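*Asks:* Here it is, the structure, as structure tokens.
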Ligand code: ATP
């Protein structure tokens, strides 16, 4: 089994207890581990896979808490760094109109330093890049670019998830798109939400997502998985497109469904003797996506992200 290196942010999500009001009225918060690449690392480890998290937290109690969460999930944290800056915090509430109210206090995640010794470990393994905060500038972005280049040179299997957060890129969407497209064009696998696929393709929310995939393939994208919530996932490999249906569930919280999906997919890819099979026109990859859909769906049936990730016993991963 190969290892999956997950690069990006690990932070504290302070989730407002009294949902339905904006943050100015929230007075109780629950502390949760957050950060999409860290969730993906946990999803892989929970299924029995080998994952390593590369990111930075502070030398403060919040950083200690976060690394312990990952360690308890059996994620390799030996490449995680502790910075002198405070751990990055996000305060989140869902307002009455369904919009997310969000305040972000950025600290240690931005400080990740490049370690050129790591590149040799990428050889023959998988590298997953989650871009929520990584493309916002600072040392993290530089480091992230270096590791992307290393992954390419070492011929690692590269997976990219833009993790677009409108709150972080308001007014700068064009910059985000431009930065993402160079990753999209060189990665083997991209995971998008429908909104992200349309945004990166320069289309509006009324356009068909298949058209977005065509534009992104023209820009160099290889395999695209576009997650469609309860509808499942659109898999696009150029001309060949197929929606793989999900299972029926009663969702209570969709946080982390996308991370569970891509984590489960990467776990299955990490067990393949060769990744060639997923680029070919064969049913195996669609079967893997079906199982990843189930992982995403099951995550929505409980509150939280990491704690609701399914284990292997729920996913029939050996057949
Ligand atoms: P995130 O909020 O983590 O960024 P996302 O928008 O990328 O998530 P979703 O589309 O919400 O991801 O979910 C990922 C996958 O999980 C979907 O492709 C689908 O297969 C499954 N899934 C999510 N919600 C449901 C649901 N309500 N019913 C069935 N399956 C679901």
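In UniProt numbering, the protein residues as written are 1 to 319. Ideal Cβ placement from N, Cα and C applies to all residues, glycine included. The model shown is predicted, which means the values in this text are computed figures rather than measured ones.
Are the region 301–314 and the region 24–41 in contact at 8 Å, needing three or more beta carbon pairs?
*Replies:* Yes: the two stretches touch, three or more of their Cβ pairs being nearer than 8 Å.
*Asks:* So the alpha helix (DSSP H) residue 71 belongs to, where does it begin and stop?
*Replies:* Segment 61–72, the alpha helix (DSSP H) holding residue 71.
*Asks:* For the structure I just gave you, are there three or more beta carbon pairs, one from the region 15–22 and one from the region 62–76, closer than 8 Å?
*Replies:* The region 15–22, when compared against the region 62–76, does not touch it at the 8 Å Cβ threshold.
*Asks:* For the candidate residues 202, 106, 191 and 182, whose alpha-carbon lies nearest to that of residue 376?
*Replies:* Residue 376 is absent from the structure shown; the chain starts at 1 and stops at 319.
*Asks:* Grab the span of the alpha helix (DSSP H) containing residue 143 for me, first residue to last.
*Replies:* Unbroken alpha helix (DSSP H) run through residue 143: 139–153.
*Asks:* Against chain B, does residue 1 count as a neighbour if the rule is that its beta carbon must be under 9 Å from one of theirs?
*Replies:* No chain B is present in this structure, which holds just one protein chain.
*Asks:* Are the Cβ atoms of residue 72 and residue 3 separated by less than 9 Å?
*Replies:* No.
*Asks:* Ignoring anything shorter than 4 residues or poking outside the region 217–279, list the alpha helix (DSSP H) runs there in chain order.
*Replies:* The qualifying runs are 257–270 and 276–279.
*Asks:* Give the C-beta separation of residue 103 and residue 91 to the nearest angstrom, bearing in mind that I take them to be a contact with Cβ-Cβ under 8 Å.
*Replies:* So it is a contact: roughly 4 Å between Cβ atoms.
*Asks:* Mind checking whether residue 197 and residue 219 have CB atoms under 9 Å apart?
*Replies:* No, the Cβ-Cβ distance between residue 197 and residue 219 is not below 9 Å.
*Asks:* Out of 100, 288, 146 and 296, which one is the CA nearest neighbour of residue 115?
*Replies:* Comparing Cα positions, the closest option is 146.
*Asks:* With 16 as the cutoff for other CB atoms within 10 Å, does residue 167 come out buried or exposed?
*Replies:* Looking at its Cβ environment, which holds fewer than 16 other Cβ atoms inside 10 Å, residue 167 is exposed.
*Asks:* On the premise that residue 44 lies in contact with residue 267, defined as a C-beta separation below 8 Å, what is that separation, rounded to the nearest angstrom?
*Replies:* 5 Å between Cβ atoms; contact.
*Asks:* Rounded to the nearest angstrom, how far is the Cβ of residue 300 from that of residue 254, given a contact under 8 Å?
*Replies:* Rounded, the Cβ-Cβ distance is 5 Å, consistent with contact.
*Asks:* Rounded to whole angstroms, what's the CA-CA distance from residue 136 to residue 27? Just pull it up for me.
*Replies:* Distance between the alpha carbons of residue 136 and residue 27: 29 Å.
*Asks:* How is the alpha helix (DSSP H) around residue 201 delimited, first residue to last?
*Replies:* Per DSSP, residue 201 belongs to no alpha helix (DSSP H) and is neither H nor E.
*Asks:* In the structure shown, what three-state DSSP assignment does residue 78 receive?
*Replies:* Coil.
*Asks:* At what residues does the alpha helix (DSSP H) containing residue 285 begin and finish?
*Replies:* Note, residue 285: alpha helix (DSSP H), 284–299.
*Asks:* For residue 168, which of helix, strand or coil comes out of DSSP?
*Replies:* Reduced to three states, the DSSP call for residue 168 is helix.
*Asks:* What's the call for residue 84, buried or exposed, on a 16-neighbour Cβ count within 10 Å?
*Replies:* Counting Cβ neighbours within 10 Å, residue 84 comes out exposed, since fewer than 16 surround it.
*Asks:* Is it buried or exposed, residue 1, if we count other Cβ atoms within 10 angstroms and call 16 or more buried?
*Replies:* So residue 1 counts as exposed.
*Asks:* Rounded to whole angstroms, what is the Cα-Cα separation between residue 193 and residue 295?
*Replies:* Approximately 16 Å, taken between the alpha carbons.
*Asks:* Just list the residues that DSSP pairs residue 95 with in beta bridges.
*Replies:* Answer by DSSP bridge pairing, in chain order: 20.
*Asks:* Under a Cβ-count criterion, where at least 16 other Cβ atoms within 10 Å of its own Cβ denotes burial, should residue 316 be classed as buried or exposed?
*Replies:* Exposed, by the Cβ-count rule.
*Asks:* Touching or not, the region 233–244 and the region 274–294, by the rule of three or more beta carbon pairs under 8 Å?
*Replies:* Because the criterion of three Cβ pairs below 8 Å is met, the region 233–244 and the region 274–294 touch.
*Asks:* Mind reading off the beta-carbon distance from residue 200 to residue 139? Whole number of angstroms is fine, and I expect it under 8 Å.
*Replies:* Not a contact, Cβ separation roughly 25 Å.
*Asks:* Suppose you measure from the CA of residue 78 to the CA of residue 187; what does that come to, to the nearest Å?
*Replies:* Near 25 Å, if we compare the C-alpha coordinates of residue 187 and residue 78.
*Asks:* Residue range of the alpha helix (DSSP H) that residue 113 falls in?
*Replies:* Run containing residue 113: none; DSSP gives neither H nor E here.
*Asks:* Within this structure, are the beta carbons of residue 191 and residue 236 separated by less than 9 Å?
*Replies:* Result no, Cβ atoms of residue 191 and residue 236 do not sit closer than 9 Å.
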